[in-house]
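K.L.:
Dropping a structure here in C-alpha cells format, bear with me for questions.
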Amino acid sequence: MGVAVVHNRPRHRQANAKAERGHGVLGTWAEPAACAAAAALQTALDAAGRVQRELCPAVHGASRATAFPLLMAGGRPFDPAQEAACFDEHRVWDHLAGRCWTRRGDKAGRISVYNRALGVGKPGKGQGVTLQFGAATVAWVVRDDHGRELARHAAPELRRERILALDVAHHR
C-alpha cells in the first residue's frame, strides 16, 4: 500500500512525541467519555480532526490543509473488504527476518516473544541470547552469543489470519 513502517519501542511515547501529542489533543477534543458508542466516538474524532486540519493555524498562520494541499487530495481510500486480498504476509515476514532482538533467558530457560514464553534450554538460563525470525520457516530462531542455535519455535502468532485479525500478541 506504499506505507512505511516507523518503529517505536513499546510504551515509549516520547519516541514519537508529535504524533502522540496530536492524538492527545484529538482525544481531549472528541471527549470519548461523553460518547455513548463507538460510532459516536468516531463521529466526534472525525469532527475534531477536521477542525485541527482545516481551521487551526499550523504553518505561518495557515492551516495544515492550506499549507499542505496534497495531503488533502488523498490516495485510494481504505476498503476493509479488500484488505485480505491486498495484504501479503510475506512482506511482514521479510521485514522481521532482517531484524535481531536480544533477550535474557529466565531461571527456567525461557524468553518472551509477543508475550509468549519460548524455551531456550539450559544454555539460555540467565544468559543473553539473540532472537531472529526465519521467514522461510515462519519460526523464531534463538542463538547464544557464539551464534549457535539453541532453539527453534514455530511462530503461529505471525500467521496470516492472526496478523489480519490484529491478534499477534497475547495482552497481559
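Residue numbering for the sequence shown follows numbering that gives the first Met the number 0, starting at 0 and increasing by one per position.
All C-beta atoms, glycine included, are put in the ideal place defined by N, C-alpha and C.
Please read all numbers here as calculations on a predicted model, not as lab measurements.
Relative to the C-alpha of Asp-143, which residue among Gly-123, Arg-159 and His-152 is closest?
P.N.:
Gly-123
K.L.:
Can you tell me which of the three DSSP states Leu-149 falls into?
P.N.:
strand
K.L.:
By the DSSP assignment, the alpha helix (DSSP H) with Thr-184 in it spans what residues?
P.N.:
Residue 184 is absent from the model: the chain starts at 0 and stops at 171.
K.L.:
Express the C-alpha separation of Ala-164 and Met-0 in angstroms, rounding to a whole number.
P.N.:
The predicted model places Met-0 with a pLDDT of 45, which falls under 50 and marks its position as unreliable; any figure quoted below should be read in that light. Rounded to the nearest angstrom, the two C-alpha atoms are 18 Å apart.
K.L.:
I'd like to know whether the C-beta atoms of Gly-183 and Gln-81 end up nearer to each other than 7 Å.
P.N.:
Here the chain comprises residues numbered 0 to 171, so residue 183 is not present and cannot be evaluated.
K.L.:
Taking the C-alpha atoms as reference points, what is the distance between Gly-21 and Arg-75?
P.N.:
If I take the Cα positions, the gap works out to 24 Å.
K.L.:
Can you give, in chain order, each stretch of the alpha helix (DSSP H) that sits fully within the region 118 to 165 and has at least 4 residues?
P.N.:
If only uninterrupted alpha helix (DSSP H) runs of at least 4 residues are considered, those enclosed by the region 118 to 165 are 159 to 163.
K.L.:
Is it the case that the Cβ atoms of Arg-150 and Ala-138 are separated by a distance below 7 Å?
P.N.:
The sequence as given places Ala at residue 150; Arg does not occur at that position. Against a cut-off of 7 Å, the Cβ pair of Ala-138 and Ala-150 comes out as no contact.
K.L.:
If I'm right that Ala-72 touches Arg-63 with Cβ under 8 Å, what's the distance once you round it to whole angstroms?
P.N.:
13 Å between Cβ atoms; not a contact.
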